[in-house]
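The opening residue of the sequence shown carries number 92 in my numbering; numbering runs sequentially from there.
By construction, the Cβ of each residue, glycine as well, lies at the ideal position given by its N, Cα and C atoms.
Okay, so here's the structure we're looking at.
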Amino acid sequence: MNANTNSTPNLLQLFSFLLFSVISSNSLADECNIQKIEAESAVLGGKFTIFKDEQTSGKSFVSTPKESSWSLFDSNDNHFAKFTIELKEDGEYAFDGMVFSEDNHSDSFTVQLNDGDKFTWDIDSNKAWYIDRIGDKGSVDPMSFILSKGKHTLILYRREVQTKIDYFNIVKLDCQTKNML
Ligand SMILES: [Ca+2]
Numbered sequence: 092m093n094a095n096t097n098s099t100p101n102l103l104q105l106f107s108f109l110l111f112s113v114i115s116s117n118s119l120a121d122e123c124n125i126q127k128i129e130a131e132s133a134v135l136g137g138k139f140t141i142f143k144d145e146q147t148s149g150k151s152f153v154s155t156p157k158e159s160s161w162s163l164f165d166s167n168d169n170h171f172a173k174f175t176i177e178l179k180e181d182g183e184y185a186f187d188g189m190v191f192s193e194d195n196h197s198d199s200f201t202v203q204l205n206d207g208d209k210f211t212w213d214i215d216s217n218k219a220w221y222i223d224r225i226g227d228k229g230s231v232d233p234m235s236f237i238l239s240k241g242k243h244t245l246i247l248y249r250r251e252v253q254t255k256i257d258y259f260n261i262v263k264l265d266c267q268t269k270n271m272l
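Right, here's the structure in full:
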């Protein structure tokens, strides 16, 4: 005879769960990866080199070799990985890099998007591959960019030697669809 005494709480729990699910799915729909770009597909200049690693995406990553001086804080235009990306629509975008740093002497790139100011992208020196959204150590980190449909250029310059990148995802922050890949 007590079989129905818990029916009201159960319905409330179910309703709460469904409401949470709807809110969660809506927030997820606000952001999506629209393109994955392998670092090894970049146009490389100077000391930037493709390294083979079976554990990485495409079995390769990009970095600069160890040198006598680890600190090259002045961005060096001769050493770069240049990506040309093409966006299908206007929007707000971010760039998520799969990166690796062995220590705090190998944990940053200098970044330039199109003709914008160069900035320092600092990553965690945690000796593990992880995703880090591109940001400016000196101001906004992570960053997003309002970009128009069409071609754009993203350049990573050498700043600290041996900072590694496997690939990056272009993320559309105002994404309303999951089927843009
Ligand atoms: Ca790769």
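| field | Of the listed residues Ser154, Gly137, Leu178 and Ser216, nearest to Val77 (C-alpha basis) | value | This structure does not reach residue 77, given that the chain is present from 92 up to 272, and the question cannot be answered.
| query | Taking the alpha-carbon positions, what's the Arg224 to Asp257 distance? | reply | Roughly 13 Å between the two C-alpha positions.
| In angstroms, rounded to a whole number, what distance separates the CA positions of Lys157 and Val252? | Cα to Cα, Lys157 sits roughly 6 Å from Val252.
| message | Whole angstroms are fine: how far does the CA of Asn169 sit from the CA of Val113? | response | With a pLDDT of only 39 at Val113, under the threshold of 50, the placement of this residue in the model should not be trusted; the figure read from the coordinates follows. Roughly 50 Å separates the two Cα atoms.
| said: To the nearest angstrom, how far is the alpha carbon of Ser154 from that of Asp265? | reply: Ser154 and Asp265: Cα-Cα distance of roughly 31 Å.
| DSSP state of Lys263 mapped onto helix, strand, coil | If DSSP states are grouped into helix, strand and coil, Lys263 belongs with the strands.
| said: Which residue wins for smallest C-alpha separation from Ser235, given the options Glu129, Gly149, Glu122 and Ala185? | reply: Cα-wise, what sits closest to Ser235 is Ala185.
| Every unbroken beta strand (DSSP E) within the segment 140 to 227, with a cutoff of 3 residues, ordered by chain | Entirely contained in the segment 140 to 227, the beta strand (DSSP E) runs reaching 3 residues are, in chain order, 140 to 143, 151 to 154, 162 to 178, 182 to 191, 199 to 204, 210 to 213 and 221 to 224.
| Between the Cα of Val134 and the Cα atoms of Ile246, Lys255 and Ala219, which residue gives the shortest distance? | Relative to Val134, the option among Ile246, Lys255 and Ala219 whose CA is nearest is Ile246.
| task | Pick helix, strand or coil for Glu122, following the three-state DSSP scheme. | result | Annotated three-state conformation of Glu122 is coil, per DSSP.
| request: Determine which residues share a DSSP beta bridge with Gly241 and list them. | output: By DSSP's assignment, Gly241 forms a beta bridge with Leu178.
| Own chain partners of Lys150 with C-beta closer than 8 Å, once the 5 adjacent residues on each side are dropped | Here the set comprises Lys143 and Asp144.
| Selected residue, minimal CA-CA separation from Thr147, among Ala130, Arg250 and Lys138 | Nearest Cα to Thr147 within the set Ala130, Arg250 and Lys138: Ala130.
| request: Would you please state the rounded distance, in angstroms, between the beta carbons of Ser197 and Thr211? I believe it to be under 8 Å. | output: Wrong, their Cβ atoms sit about 14 Å apart, outside the cutoff.
| query | Looking only at its own chain, which residues have a Cβ that is under 6 Å from the Cβ of Asn260, when we skip the five neighbours before and after it? | reply | So the qualifying residues of the chain are Asn124, Lys127 and Asp187.
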